[in-house]
Every structure is written in structure tokens, then in C-alpha cells.
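Colleague: As you go down the protein sequences, you meet chains C and F in turn. Take the first sequence: its letter number 140 is residue 695 in this note's numbering, and every next letter is one higher. Take the second sequence: its letter number 190 is residue 192 in this note's numbering, and every next letter is one higher.
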Amino acid sequence: MPFLNKSEVKVSKRELFLELVEKHKGILFKVTRSYCKNEFDREDLTQEILAQIWRSLDTYNDDFKITTWMYRVALNVAISFHRKDKSGAFKHYEIEDKLLSYDMNEEAENEQSIIQLYTFINQLNDIDKAVLLMYLEGENQSEIAANLSISISNVSTKISRIKQKFQHSAG
Amino acid sequence: MNLEQMQSLWQDHSLKLEECISLNKRLLNEKQKEEQKSKLHNLVVSRTLEGALFFIICVALSKYIVSSWSLSAPVVSAVVLNVFAIVGLAGNIGQITLLNKIDFAKPIKQTLTDLIVVRSHNMQIFKLIMLSAPFYMAYVFLGYDIIYELDLYSLMSAETKIAFAVISLVFVVLVVVLITKLTPENRGNKIIDWLYREVSGEKLTHLLDEMENIDRAKR
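1. With a CB to CB cut of under 8 Å and the five nearest residues on each side skipped, what residues in its chain are close to residue 132 of chain F?
2. What residues match up with residue 657 of chain C in a beta bridge as DSSP calls it?
3. Would you verify that the beta carbon of residue 193 of chain F is, or is not, closer than 9 Å to some beta carbon of chain C?
4. What runs of the alpha helix (DSSP H), each 4 residues or longer, lie entirely inside the segment 139–185 of chain F?
5. Rounding to the nearest angstrom, what Cα-Cα distance links residue 44 of chain F and residue 98 of chain F in this structure?
6. Count the other C-beta atoms from every protein chain shown that fall within 10 angstroms of the C-beta of residue 678 of chain C, then say buried if there are 16 or more, exposed otherwise.
7. Confirm, please, whether the CB-CB distance from residue 675 of chain C to residue 713 of chain C is below 9 Å.
8. Would a C-beta distance cut-off of 9 Å place residue 602 of chain C and residue 654 of chain C closer than the cut-off?
9. Taking the beta carbon of residue 90 of chain F as the centre, do at least 16 other beta carbons fall within 10 Å, making it buried, or is it exposed?
10. Kindly indicate if chain F contains any beta-carbon less than 9 Å away from that of residue 590 of chain C.
11. Looking at C-beta atoms only, is the number of pairs between the segment 688–708 of chain C and the segment 623–631 of chain C that lie closer than 8 Å three or more?
12. Report the rounded CA-to-CA distance for residue 669 of chain C versus residue 8 of chain F, giving the unit in angstroms.
13. Taking 9 Å as the threshold (beta carbon to beta carbon), is residue 683 of chain C in contact with chain F?
14. Taking the alpha helix (DSSP H) that residue 123 of chain F falls in, what are its first and last residues?
15. Quick check: the Cα distance between residue 54 of chain F and residue 60 of chain F, rounded to an integer number of angstroms?
16. Among residues of its own chain, excluding the 5 on either side of residue 657 of chain C, which ones have a beta-carbon nearer than 8 Å to its beta-carbon?
17. Compute the distance between the beta-carbons of residue 600 of chain C and residue 636 of chain C, then report whether it is under 9 Å.
18. DSSP on residue 692 of chain C, reduced to helix/strand/coil?
19. Can you look up residue 704 of chain C in the DSSP assignment and give me helix, strand or coil?
20. Below 6 Å CB to CB, which residues in the same chain sit around residue 52 of chain F once its five sequence neighbours on both sides are set aside?
21. Where does residue 175 of chain F land, buried or exposed, given buried means 16+ other C-beta within 10 angstroms?
22. Interface residues of chain C around residue 112 of chain F at Cβ under 7 Å?
23. Just to confirm before moving on: does the CB-CB distance between residue 135 of chain F and residue 173 of chain F stay below 9 Å?
24. Is it the case that the Cβ atoms of residue 717 of chain C and residue 686 of chain C are separated by a distance below 9 Å?
25. I'd like to check one pair, residue 605 of chain C with residue 27 of chain F: are the Cβ atoms closer than 9 Å?
26. Please check if any C-beta of chain F sits within less than 9 Å of the C-beta of residue 610 of chain C.
27. Indicate whether residue 588 of chain C and residue 702 of chain C have their beta-carbon atoms separated by less than 9 Å.
28. So, using beta-carbon positions, are residue 709 of chain C and residue 110 of chain F closer together than 9 Å?
29. Could you tell me whether the Cβ atoms of residue 581 of chain C and residue 216 of chain F are closer together than 9 Å?
30. Assess, as a yes-or-no matter, whether the segment 185–205 of chain F is touched by the segment 143–160 of chain F under the definition of 3 or more beta carbon pairs within less than 8 Å.
31. Spatial neighbours of residue 200 of chain F within its chain, please: C-beta separation below 7 Å, excluding the five flanking residues on both sides.
32. Around the Cβ of residue 617 of chain C, are there at least 16 other Cβ atoms within 10 angstroms (buried) or fewer (exposed)?
33. Taking the alpha-carbon positions, what's the residue 18 of chain F to residue 666 of chain C distance?
34. Where does residue 53 of chain F fall in DSSP's three states?
35. Of the residues C/579, C/705 and C/638, which one's Cα is nearest the Cα of residue 16 of chain F?
36. Residues in the segment 5–22 of chain F with C-beta within 8 Å of chain C's C-beta atoms, listed in sequence order?
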């Protein structure tokens, strides 16, 4: 943004941020749902991811697809977010004003399978969750390896272990 | 359902999410104004306050050293304690620099490494305090001089001095053993694991666990 003054840069960054979040809000939903078991933690994690997306936006370069970049930020925040699960304590409360609202009715036909899928993801450790989410998004093994900064063979081993766990959990 | 079917279900889910999710822009705008309240920003604030405290201690001790300059036990004690305060101050400055550099867009392993350094801060401060334990008499000598204007060391008998020196030596051995054992690799030991949880908190132990999970397939 070389020809813009400070306030114009801020407006431009703000517009870009809003456009980005609106366009890719699904990533926020999928990551928060995979990493948090209760609504309150999901809401906090969404806020934290948004704060970091805003902060990291200045250093974004187009070497990466925007979705890959957003996934990286969201997964890094989610892995570092860690809280003890207090689902039981919150089960009688609801958040009135949420950043992301989700209407499951639209997905009624697949509801059970999707719930089953998220239940499985929730059981994995945070790194395996990241690997699986990227795999499900269609990223190839070398892209997953680059996002984690590990070897392709390590990614391959992790994916086959996740497959085994899935088959085991599906009975 | 196998993993490939799961992938196709996920793609359908992703497409439908576009219609199912709505973003609360009014709330997003409100939260944006509070963006400074991110967890890392809170850490920068607490490290800055801690750094300011170390700075005040350094200045106070330096003033004391200059005003009472002589080769006496209280002045030597002040010099020793000042060294620890300077190390603490440098550690805090390093933390603030690192916190401002943390980039969540980096690969996960790199971000985890940076976050582990940030979250290890309390453990480093704990180690620094432990390292000062063999010099426990420095606190006593300095305290006596400031409160009672007494050089306690010059009033001690040779036997008492030897007894305190022996206790310090015992502390040196204990502290060296503790600090060399106090590494993430030794968390298999119950005491070390307990110390990590109590001193650094669940956040650090979680990050260390996830770092192990990253490398696990290599073994």
C-alpha cells in the first residue's frame, strides 16, 4: 500500500480484514469447533484468532494462498489457546451475542455424520487435529509438511495413524 | 466411513457453511476496538511491569553501591544482588522483544518454539531466584546495613562465617542438581513435572506436549 497515507492504509486494512473474515468465516468455524468443546471457549478462541489475523495482516505476502495463511494463523492460535474443558459447567448457559452464528438445519441431511466427524476430531491431540483439518481441506502432504515445518514422511506417518484411529473409533 | 469419504463429507460441509454461518459485524466492530486486549498484549503488559520492577531494583542497588562504596560485606552483597537484578531485567527486555516478534502466520513448529520460550519465562525467573539461593546471606547483610546500619559480617565469629559458608556450598550443590534436572526432557520425573505445572502453568506444559506430538512420528 505504498501511495496511501496512514488513515487510508488503516481504512484499506480494515476493509481487507472484513472482506477476508466474511469470505472465509467457515475456516474460523471449523477450527474453533474442532479445538473447543463448549460455546464459551469457541467464542473466546474466535476473538483471539480474529485479533491475530488483524495483527498478522501487515506481514501477509502472496507466497501463500490466503486460505492456507488463514488456516496457519487460526491453527497456531488454537494450539496455543489450550484451556481445561469446562463443558459441564457451561451446559445450562447460552451466549446471546455471538460472532459466528450457525444454523445446523441447512445441513440436516448430514447432521449425524458431521457430528460424528467433529466428535472424532475432538478426541485427537492438537497437532493431529491440525494435520487432519489440512488433509480434509485437500492440502497435499508437502503443503501440510510446510505448514507444520516437519518432514513429508512425518506427515505421512501421522495421516496413517489418524486413519487407524478413525477405523478403530468407527468400530 | 473411511478417511476419503470423510474428506468428501468435509468438502460438502465447507460449501454449506457459507450459507449456514452468519458473521455478527456489529460485534466484530466492537471487538476490533478492544483488539489490544489479546492474550499476547496482556503478557507484554505484565512483562513490562516486571521489567520496571527489576529496573527500579537495579537503580536502587546501584545508588546504594555508589553512596556506600567500600570493600564491605553489604556493598559486595549489593553488587551480587544487582547482577541478578540485571539478568532479570535483560530477560524481561528479551521477552518483550520476542512477544512483539511472534508471528502466528509462521509454520506451526516455529510458532510453538517461540511460544514455549515466552511461556518458559516464569520457569527462568524461578531458576534465577534459585541461583541466588547460595547467596542468601547477601540479602541478610544488605538488610542489616539498610535497616540497622550494621555490618553484620564484621561482627560474626570465624566459626559462624564458616558455618554459613558451608550452608552456601550445600545450596550450590542442590541448586546445580535442581537446575540441570529442570528441563522439559525430564518431565517424566514426578517432581520435575509438578514443578513445571506449578511454576509455569498448564499453558507451557500443553505447548511442550504438543511439541512432543509434532516430533513423535520420527521416533
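Virtual Cβ for every residue (Gly too), placed ideally from N, Cα, C. Keep in mind the model is a prediction, meaning the values are calculated, not measured.
Modeller: Working from what's here:
1. 177, 180 and 181
2. F/23
3. no
4. 154–157 and 160–183
5. 11 Å
6. exposed
7. no
8. Cβ atoms of residue 602 of chain C and residue 654 of chain C: closer than 9 Å.
9. buried
10. no
11. yes
12. 9 Å
13. yes
14. 123–134
15. 10 Å
16. 584
17. yes
18. Three-state result, residue 692 of chain C: coil.
19. If DSSP states are grouped into helix, strand and coil, residue 704 of chain C belongs with coil.
20. The beta carbon of residue 52 of chain F sits closer than 6 Å to those of 94, all from its chain and outside the five residues before and after it, given in chain order.
21. exposed
22. Under the 7 Å cutoff, chain C gives 704.
23. yes
24. A contact, by the Cβ cut-off of 9 Å.
25. no
26. yes
27. no
28. no
29. Contact check for residue 581 of chain C against residue 216 of chain F fails: the beta carbons are separated by 9 Å or more.
30. no
31. none
32. The C-beta of residue 617 of chain C has fewer than 16 other C-beta atoms within 10 Å across all chains shown, which makes the residue exposed.
33. So the alpha carbons of these two residues sit roughly 12 Å apart.
34. helix
35. C/579
36. 5, 8, 9, 11, 12, 13, 14, 15, 16, 18, 19, 20, 21 and 22
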